[in-house]
Ligand code: NAD
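Numbering (the numbering used here), first residue to last: 51 to 495.
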């Protein structure tokens with residue numbers, strides 16, 4: 051991926067830039083709280099050895115970060131990827147705090163990452179890494195302390211291993227709520243696997259219904275491009291297709307495929323299962339992961355890695371709407387370029403919140419030893435996400451028409467000329483909630 055050499059891509063700096071901008075849209079915030087809200091509560095750096103299948107030994111480095119626990123136990127996925135860094139995990143933990151607060155669920159923000167390449171590891175090596183990491187985390191995770199979930203290159207199987215390891219170390223307790231995204235047979239929630247991708251569709255549909263984009267008040271008929279065809283991207287593709295949209299291009303780590311008439315998603319899924327990639331699918335043109343972002347389309351959905359839309363390519367994006375299914379796919383400079391070009395962007399904090407919402411439903415079901423049916427889960431998810439999108443949209447509208455303005459003159463000056471955007475609106479709602487709750491709890495001692 052070609053990125054601007056002058057652009058600062060440090061994930062913590064990016065999250066701070068987004069935070070500082072969002073704070074401009076908050077009427078009152080106790081200034082002394084700001085560093086507390088920005089910094090993580092705890093960072094664990096864990097090193098451990100793993101015996102590989104061939105008898106050799108590999109050293110693994112992993113992280114678990116808790117950013118904030120004002121609303122409840124930490125909540126956040128664990129990713130397995132060779133490019134994981136501590137800074138990335140910290141930034142993602144912060145995003146989880148704001149996401150949980152925005153969706154109004156009683157969790158704080160956390161995230162985990164293991165530096166490894168799952169593509170070159172066998173299933174038994176992955177199991178050993180997962181069990182050792184879980185045992186090293188010990189009592190820092192737990193149903194009421196910190197609750198992991200799947201993320202990039204982790205899945206139901208990974209969650210089953212985490213649960214099993216924790217359960218063996220904590221006998222005699224109901225340990226199911228220690229982790230979400232489990233297989234349904236082991237206390238996972240119906241609809242969790244599809245929740246993030248379906249949520250991407252719900253948020254987009256609700257946003258379009260507010261008629262901000264001319265001639266596009268629903269996804270029906272829209273041309274959709276999706277970068278990333280994993281859990282989130284493939285489920286979202288199906289949801290958009292079932293609701294009348296045309297998915298014209300998708301990609302995975304090896305490249306992308308394009309068909310202007312629309313891709314046959316069923317055949318594409320089968321092809322990906324058989325060949326490990328979408329590339330080479332009959333009746334499609336092969337494109338790169340850079341080219342896919344620049345295709346002529348109505349809605350562009352980055353659903354893979356961070357920093358995909360950046361200062362170098364933002365002026366070549368042709369979509370009318372960017373919907374961030376992945377975490378952090380757009381840099382702050384790209385945000386500004388897109389806004390200047392009149393391209394709306396729905397941010398990760400809203401768009402992929404369906405995952406943590408159904409994770410919360412799973413946790414609630416596990417506490418009560420219940421299992422809701424799929425219709426109940428889906429109805430609750432849609433209702434909650436619609437209300438989140440409405441909240442954010444209403445706040446945005448109030449700032450646009452001038453009904454809402456920050457009270458602080460200094461902040462007004464800082465904002466001079468800057469238009470409200472949906473990322474800052476969503477973040478400002480969340481930051482306001484967490485800062486108010488911090489003060490309501492009363493600062494101890
Ligand atoms: P996944 O591992 O199931 O899929 C990732 C996809 O990205 C795969 O198709 C992979 O081939 C593709 N990919 C990898 N490198 C790429 C590259 N360089 N260019 C293009 N594609 C590439 O992961 P997922 O669960 O679908 O997560 C995707 C994104 O959504 C991540 O940013 C994750 O943090 C975010 N997210 C996921 C969830 C969830 O519930 N799974 C929830 C919230 C946010």
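A virtual CB, placed ideally from N, CA and C, is assigned to each residue, including glycine.
Checklist entry - Taking only runs of the alpha helix (DSSP H) that begin and end inside the stretch 130-212, which ones reach a length of at least 4 residues, in chain order? => result Along the stretch 130-212, the alpha helix (DSSP H) occurs as fully enclosed runs of 4 or more residues at 136-153 and 173-187, listed in sequence order.
Checklist entry - What does DSSP give as the partner residues of residue 336 in its beta bridges? => result By one-based count along the chain shown, residue 336 stands at place 286. In DSSP, residue 336 forms a bridge with 307.
Next on the checklist: So if DSSP puts residue 113 in a beta bridge, which residue, or which two residues, is it bridged to?
Outcome noted: Along the chain shown, one-based indexing puts residue 113 at 63. In DSSP, residue 113 forms a bridge with 95 and 163.
Next on the checklist: Is the beta carbon of residue 129 closer than 8 Å to that of residue 163?
Outcome noted: For the purposes of this step, residue 163 is identified with residue 113 of the chain shown, where counting begins at 1. For the purposes of this step, residue 129 is identified with residue 79 of the chain shown, where counting begins at 1. Cβ atoms of residue 163 and residue 129: closer than 8 Å.
Next on the checklist: Any heavy atom of the ligand NAD inside 7 Å of the beta-carbon of residue 133?
Outcome noted: Locating residue 133 in the chain shown gives position 83, counting from the first residue. Residue 133 Cβ: outside cutoff for every heavy atom of the ligand NAD.
Item to check | As assigned by DSSP and simplified to three states, the class of residue 346 | outcome: Walking along the chain shown from the start, residue 346 turns up at place 296. Shown here, residue 346 sits in coil according to DSSP, grouped into three states, outside any helix or strand.
Item to check | heavy atom of the ligand NAD below 7 Å from residue 418 C-beta | outcome: Sequence index remark: in the chain shown, residue 418 carries index 368 (1-based). Result no, Cβ not under 7 Å from the ligand NAD.
Checklist entry - Is it the case that the Cβ atoms of residue 143 and residue 120 are separated by a distance below 8 Å? => result In the chain shown, residue 143 corresponds to position 93, counting from 1. In the chain shown, residue 120 corresponds to position 70, counting from 1. Residue 120 sits away from residue 143, with the two beta carbons spaced by 8 Å or more.
Checklist entry - Can we count residue 279 as close to the ligand NAD, meaning its CB is less than 7 Å from some heavy atom? => result Sequence index remark: in the chain shown, residue 279 carries index 229 (1-based). It does: the Cβ of residue 279 is within 7 Å (strictly closer) of some heavy atom of the ligand NAD.
Checklist entry - Where DSSP assigns a beta bridge to residue 302, which residues make up the other side? => result As a position in the chain shown, residue 302 is number 252, starting the count at 1. Partner(s): 305.
Item to check | Within the stretch 377-462, ranges of the beta strand (DSSP E) (whole runs, at least 3 residues) | outcome: List check, beta strand (DSSP E) in window: 394-396.
Checklist entry - Counting pairs of beta carbons, one from the stretch 272-292 and one from the stretch 242-254, are three or more of them closer than 8 Å? => result Yes, the stretch 272-292 is in contact with the stretch 242-254.
Checklist entry - Is residue 339 near residue 277, with beta carbons less than 8 Å apart? => result Position 289 of the chain shown, counted from the first residue, corresponds to residue 339. Position 227 of the chain shown, counted from the first residue, corresponds to residue 277. Less than 8 Å separates the beta-carbon of residue 339 from that of residue 277.
Checklist entry - Which two residues bound the contiguous alpha helix (DSSP H) that contains residue 285? => result Position 235 of the chain shown, counting from 1, holds the residue named residue 285. Note, residue 285: alpha helix (DSSP H), 281-292.
Next on the checklist: Taking 8 Å as the threshold (C-beta atoms), are residue 413 and residue 212 in contact?
Outcome noted: Walking along the chain shown from the start, residue 212 turns up at place 162. Walking along the chain shown from the start, residue 413 turns up at place 363. In this structure, residue 413 does not lie closer than 8 Å to residue 212 by Cβ.
Checklist entry - Who are the near neighbours of residue 454 in its chain, counting only those whose CB is closer than 6 Å to its CB and skipping five residues on each side? => result Here the question's residue 454 lines up with position 404 in the chain shown. Cβ within range, chain order: 448.
Checklist entry - Can you give the Cα-Cα distance for residue 234 and residue 210, rounded to whole angstroms? => result Taking the first residue of the chain shown as 1, we reach residue 234 at position 184. Taking the first residue of the chain shown as 1, we reach residue 210 at position 160. The alpha-carbon atoms of residue 234 and residue 210 are separated by roughly 10 Å.
Checklist entry - Since residue 290 and residue 297 are thought to touch, with beta carbons under 8 Å apart, how far apart are those beta carbons, to the nearest angstrom? => result Position 240 of the chain shown, counting from 1, holds the residue named residue 290. Position 247 of the chain shown, counting from 1, holds the residue named residue 297. Between residue 290 and residue 297 the beta-carbon gap is near 6 Å, inside 8 Å, which marks them as a contact.
Checklist entry - When we look at the beta-carbon of residue 450 and count the other beta-carbons within 10 Å, is it buried (16 or more) or exposed? => result Locating residue 450 in the chain shown gives position 400, counting from the first residue. Of the other Cβ atoms in all chains shown, fewer than 16 fall within 10 Å of the Cβ of residue 450; this residue is therefore exposed.
Next on the checklist: So for residue 52, helix, strand or coil by DSSP?
Outcome noted: Position 2 of the chain shown, counted from the first residue, corresponds to residue 52. At residue 52, the pLDDT of 46 sits below 50, so the modelled position is not reliable; the number obtained from the coordinates is stated separately. Three-state DSSP puts residue 52 in coil, outside helix and strand.
Item to check | Residue from 346, 149, 474 and 364 whose Cα sits closest to the Cα of residue 400 | outcome: The residue given as residue 400 occupies position 350 in the chain shown. Looking at the Cα atoms, 149 is the closest of the given residues.
Checklist entry - Thinking just about the alpha-carbon of each residue, which of 428, 87 and 154 is nearest to the one in residue 70? => result The residue given as residue 70 occupies position 20 in the chain shown. Residue 70 has its Cα closest to that of 87, out of 428, 87 and 154.
Next on the checklist: On the DSSP bridge list, what partners appear for residue 371?
Outcome noted: Here residue 371 corresponds to residue number 321 of the chain shown, with the count starting at 1. For residue 371, which the question treats as bridged, DSSP gives the partners 349 and 394.
Item to check | Selection from 56, 73, 60 and 57 that minimises the alpha carbon distance to residue 482 | outcome: As a first step, residue 482 must be located in the chain shown, where it is residue number 432. Nearest to residue 482 by alpha-carbon distance, out of 56, 73, 60 and 57, is 73.
Checklist entry - Going along the chain, which residues of its own chain have a beta-carbon closer than 7 Å to the beta-carbon of residue 427, five neighbours each way excluded? => result Position 377 of the chain shown, counting from 1, holds the residue named residue 427. Once the five neighbours on either side are set aside, the close Cβ partners of residue 427 are 239, 240, 241, 408 and 411.
Item to check | Contact the stretch 262-270 vs the stretch 420-434: 3+ CB pairs below 8 Å | outcome: No contact exists between the stretch 262-270 and the stretch 420-434.
Next on the checklist: Using a Cβ-Cβ cutoff of less than 6 Å, which residues in the same chain neighbour residue 370 once the five nearest sequence positions on both sides are dropped?
Outcome noted: One-based indexing of the chain shown puts residue 370 at position 320. The residues are 263 and 348.
Checklist entry - Would you report the Cα separation of residue 486 and residue 292, rounded to the nearest angstrom? => result Indexing the chain shown from 1 puts residue 486 at position 436. Indexing the chain shown from 1 puts residue 292 at position 242. Rounded to the nearest angstrom, the two C-alpha atoms are 41 Å apart.
Item to check | residue 358 - DSSP class collapsed to helix/strand/coil | outcome: Indexing the chain shown from 1 puts residue 358 at position 308. If DSSP states are grouped into helix, strand and coil, residue 358 belongs with coil.
Item to check | Outcome for residue 64 when other beta-carbon atoms lying within 10 angstroms are tallied against a minimum of 16 | outcome: Locating residue 64 in the chain shown gives position 14, counting from the first residue. Residue 64 should be labelled buried.
Checklist entry - Between which two residues does the beta strand (DSSP E) containing residue 226 stretch? => result For the purposes of this step, residue 226 is taken as the residue at position 176 of the chain shown. Counting along the chain, residue 226 falls outside any beta strand (DSSP E), and DSSP gives it neither H nor E.
Checklist entry - Regarding residue 200 and the ligand NAD, is the C-beta to nearest heavy atom distance less than 7 Å? => result Here residue 200 is taken as the residue at index 150 of the chain shown, counted from 1. In this structure, the ligand NAD has a non-hydrogen atom nearer than 7 Å to the beta-carbon of residue 200.
Checklist entry - Rounded to whole angstroms, how far is the Cβ of residue 382 from the Cβ of residue 111, which I believe are closer than 8 Å? => result Within the chain shown, numbered from 1, the residue matching residue 382 stands at position 332. Within the chain shown, numbered from 1, the residue matching residue 111 stands at position 61. Between residue 111 and residue 382 the Cβ distance is about 28 Å, and since that is not below 8 Å, they are no contact.
Checklist entry - Is it right to say residue 244 is buried, meaning 16 or more other beta carbons lie within 10 angstroms of its own, or is it exposed? => result As a first step, residue 244 is located in the chain shown; it is residue number 194 there, counting from the start. Burial of residue 244 is indicated by the presence of at least 16 other C-beta atoms within 10 angstroms of its C-beta.
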